[in-house]
Ligand SMILES: Cc1ncc(C[n+]2csc(CCOP(=O)(O)OP(=O)(O)O)c2C)c(N)n1
Ligand code: SF4
Ligand code: SF4
Ligand code: SF4
Ligand SMILES: [Mg+2]
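Residue numbers (our numbering), protein chains in the order written: chain A, 1 to 98; chain B, 99 to 407.
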């Protein structure tokens, strides 16, 4: 979007309430909702992609080295990836503990 | 088997047509279902979606989580709008005003929209024989407006309009069997699916899109907020529903029934009910009754599948 979402006034919306940019929900960073963050043990990851397929927020990405990890810009910290990982190499870490 | 031992993520479409940044609750398996359905359909798809959680969380103006043409319609008329898109674009292709192309025309709605409010338009669209797919995301209540019961809410579930209490066990009626209602329209394809079984789900959506004529897919979509479970358990509860035969996975192709999954070990229904806040009040006797009902329903389904199981 040309300017931050919160600065857009209703008069500037398209007639007929049309959203003209596809997929621009990505400008809203749901990662700010998170209280826990998934941390992957890269050495244990078998690169199966189970975490990727089950993430409701489509925010797991494959790193250059091949293992999978969460994109923290969008990760809401639901813990599904950690729960579903077949080798159990994802742990949820409190954001407060840093 | 509680977790997968084999996986073939490499075969799955990498592109996302339902993007990050949507505002569904943490661990929403209904949002996951939408994501998987869209992966299976691909970009040549037009969606009309009834109001409900998935519409609200994906489209606060001026943003949208959709990467395909997507129309927000009222609560009742997603099937009518998609019928019109299909008929209109077909006519334009016939007259040479649009290039010939295979397009997926898809209507989507929640269980409230499908089982109650949009039932008439859905029945009409199926009966008229449009080349379209209807996807019902069934989280077993009107979640978007605060967990009110629908006719697809299961017996015994506590919702804000079927509250459990001294004189009530929660929902007092049996879950309306929407897939069977779709089958009664004699359409070419009907299936049930669940986002805890992503490959089965995507396979069915692909099949539905390839078939010409109306198709109906009913997806059990676990809602941690309304079911009162932990967000990280959303996938697990979908699996429990299927493994306890509460929500069997099957398809009906031209009237032929087929189970697409049989539990390795059928779990007691109690395993599925346990831990869900909406069923917390149920007594052993009531759980026994639900177990009997599940067994009866499954036996009827098996019969339709020709005894397969
Ligand atoms: C005719 C009409 N009645 C009521 C509403 C208010 N309303 C909007 S969404 C919703 C609940 C949707 O429930 P469901 O279809 O099950 O979808 P879910 O939110 O559970 O995914 C209701 C009651 C409306 N928009 N239009
Ligand atoms: S599920 Fe676990 S093992 Fe599989 S890719 Fe994700 S982190 Fe790696
Ligand atoms: S915690 Fe949830 S949102 Fe975050 S990456 Fe894992 S599955 Fe996705
Ligand atoms: S209320 Fe339920 S279905 Fe709606 S967004 Fe939240 S988890 Fe998903
Ligand atoms: Mg619902």
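Built from N, CA and C at the ideal position, the CB exists for glycine as well.
Relative to ligand 5, the beta carbon of residue 238 of chain B is positioned inside 8 Å of a heavy atom.
DSSP places residue 84 of chain A in no beta strand (DSSP E) but in the uninterrupted alpha helix (DSSP H) bounded by 80-84. Contact check between the region 49-68 of chain A and the region 308-318 of chain B: fewer than three CB pairs, one atom from each, fall below 8 Å, which does not count as touching. Relative to the non-hydrogen atoms of ligand 1, the Cβ of residue 248 of chain B comes within a distance shorter than 8 Å of at least one. Not a single C-beta of chain A is nearer than 9 Å to the C-beta of residue 146 of chain B. Partner residues in the beta bridge of residue 357 of chain B, as assigned by DSSP, are B/348. Membership of residue 50 of chain A in the alpha helix (DSSP H) is indicated by the continuous run 50-54.
Cβ proximity to chain B below 7 Å picks out 8, 13, 17 from the region 6-18 of chain A. As computed with DSSP, residue 236 of chain B is found in a beta bridge with B/318. Contact between the region 9-26 of chain A and the region 39-57 of chain A is not established, with fewer than three Cβ pairs separated by less than 8 Å. With respect to residue 210 of chain B, residue 377 of chain B sits apart: the two C-beta atoms are not nearer than 9 Å. In this structure, the beta-carbon distance from residue 399 of chain B to residue 348 of chain B falls below 9 Å.
Taking a beta-carbon distance threshold of 9 Å, residue 73 of chain A counts as an interface residue toward chain B.
Taking 9 Å as the cut-off, the beta carbon of residue 36 of chain A is found closer than this to the beta carbon of residue 77 of chain A. Fewer than three pairs of CB atoms, one per stretch, sit closer than 8 Å, so the region 194-203 of chain B makes no contact with the region 211-221 of chain B.
Assignment of beta-bridge partners to residue 37 of chain A by DSSP yields A/93.
Looking at the DSSP output, residue 287 of chain B bridges to B/313, B/351.
Residue 136 of chain B and residue 204 of chain B have their C-alpha atoms some 10 Å from each other.
The closest heavy atom of ligand 3 lies 8 Å or more from the beta carbon of residue 335 of chain B. The beta-carbon of residue 385 of chain B is placed no less than 9 Å from the nearest beta-carbon of chain A. By the rule that beta-carbons nearer than 9 Å mark a contact, residue 42 of chain A does not touch chain B. In this structure, residue 351 of chain B has its CB at a distance of at least 8 Å from all heavy atoms of ligand 2. Close partners of residue 127 of chain B in chain A (Cβ separation under 7 Å): 56. For residue 332 of chain B, the shortest separation between its Cβ and any heavy atom of ligand 1 does not lie below 8 Å. Under the DSSP definition of a beta bridge, residue 375 of chain B lacks any partner. An exposed status is given to residue 15 of chain A, since fewer than 16 other beta-carbon atoms sit within 10 Å of its beta-carbon. Contact fails between the region 252-270 of chain B and the region 282-302 of chain B, because fewer than three Cβ pairs, one in each stretch, are under 8 Å apart. Counting only the Cα atoms, residue 89 of chain A lies some 11 Å from residue 68 of chain A. With respect to residue 340 of chain B, residue 318 of chain B sits close: the two C-beta atoms are nearer than 9 Å. Nearest Cα to residue 327 of chain B within the set A/79, A/96, A/91, A/86: A/79. Contact with chain A is found for residue 114 of chain B, since one of that chain's Cβ atoms lies less than 9 Å from the residue's Cβ.
Measuring C-alpha to C-alpha distances from residue 213 of chain B to each of B/240, B/373, B/180 identifies B/240 as the nearest. Taking the Cα positions, residue 223 of chain B is about 14 Å away from residue 287 of chain B. Cα atoms of residue 178 of chain B and residue 232 of chain B: separation of roughly 11 Å, rounded to the nearest angstrom. Close to chain A, meaning a Cβ-Cβ distance shorter than 9 Å, are the following residues of the region 319-333 of chain B: 322, 328, 329, 330, 331, 332, 333. In the three-state reduction of the DSSP assignment, residue 328 of chain B falls in the coil class, being assigned neither a helical nor a strand state.
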